[in-house]
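Asks: Just so we're aligned, residue 222 is where the sequence shown starts under my numbering, counting upward by one. The following block contains the structure, expressed as structure tokens.
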Amino acid sequence: MAPYSYPTPNSQLVEELKLIKHPEGGYFVETDRQPHDVPTPFVAGNPSRSLATAIYYLLTHDDANGYFHMNKSFTYHVLHQGRAEYTLIHPTSPPRIEKAVMGTDASKGEVRQLLVGTGVWKMSRIPPEDVQAAQTAEDRDRTGCLITEVVVPGFHWEDHKFLTQRGLEELFSGAPGAAERISELKGFVKEA
């Protein structure tokens with residue numbers, strides 16, 4: 222059983238919220254796209270984007286890992302239920318890796334909100350210990366993480382990309398401990 226309260230089972234969330242499979246892993250549904258447009262400062266030529274977009278995003282026991290991806294906009298993550306571990310790679314020289322757990326136990330450093338800035342690689346997953354603790358079908362249906370993501374300026378696929386194996390190797394090229402980092406992270410990249 223997951224070490225946290227999980228009042229609504231994943232199967233019910235998928236059905237009630239009308240969630241569909243997400244290319245990044247997990248499930249999602251867009252819940253809002255603001256009708257007002259603004260020029261995005263993060264893309265050459267400052268194309269017009271919705272002021273903001275919002276989605277529900279769900280990781281489940283059966284779809285517990287996302288893939289590393291980067292958005293050019295800012296993304297606010299707000300927890301509804303469950304826990305998820307986020308790995309962020311800041312593309313500095315050398316790359317800086319940051320981990321955060323979205324959850325309700327502040328005494329363990331868990332956060333209910335997480336801001337991921339522009340140009341940062343991110344990946345989310347259900348913590349491995351939560352996946353392993355779910356022994357029954359009911360436990361598995363109550364292991365996961367439901368969040369809202371708000372993207373500002375609004376999400377557009379043109380402003381998004383996945384990290385590939387080649388990109389991961391280039392990112393860590395020449396960095397101390399590169400081989401270990403690449404080995405640790407390569408399972409979370411999506412091939413082109």
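Every residue, glycine too, gets a C-beta built ideally from N, C-alpha and C.
Where does ILE276 sit, in a helix, a strand or coil, going by DSSP?
Replies: Strand.
Asks: Using only the alpha-carbon positions, how far apart do THR325 and PHE393 sit?
Replies: If you take the alpha carbons of THR325 and PHE393, they lie about 33 Å apart.
Asks: Could you tell me if ALA342 is buried or exposed, where buried requires 16 or more neighbouring beta carbons within 10 angstroms of its beta carbon?
Replies: Per the sequence shown, residue 342 should be read as Trp rather than Ala. Buried: at least 16 other Cβ atoms inside 10 Å.
Asks: Enumerate in chain order the residues of its own chain whose CB-to-CB distance from ASP258 is below 8 Å, with the five nearest sequence positions on each side excluded.
Replies: Excluding sequence neighbours, ASP258 sits near SER269, ARG270, SER271, LEU272.
Asks: Quick check on PHE376 - is its C-beta less than 8 Å from some C-beta in chain C?
Replies: Absent from the structure: chain C. Only one protein chain is present.
Asks: Mind checking which residues open and close the alpha helix (DSSP H) that includes ALA399?
Replies: Residues 399-406.
Asks: Out of VAL337, ILE368, GLY338, LEU336, which one is the CA nearest neighbour of ILE347?
Replies: That would be ILE368, whose Cα lies nearest to the Cα of ILE347.
Asks: Find the nearest neighbour of PRO262 within the set ASP284, GLY375, PRO397, judged by alpha-carbon distance.
Replies: When each option's Cα is compared against that of PRO262, the closest is GLY375.
Asks: Does the Cβ-Cβ distance between PHE409 and ASN286 come in under 8 Å?
Replies: Going by C-beta atoms, PHE409 is nearer than 8 Å to ASN286.
Asks: Counting only the same chain and skipping the five closest in sequence on each side, list residues whose C-beta sits under 8 Å from that of THR385.
Replies: Counting only Cβ-Cβ distances below 8 Å, and skipping sequence neighbours, we find VAL410, LYS411, GLU412, ALA413.
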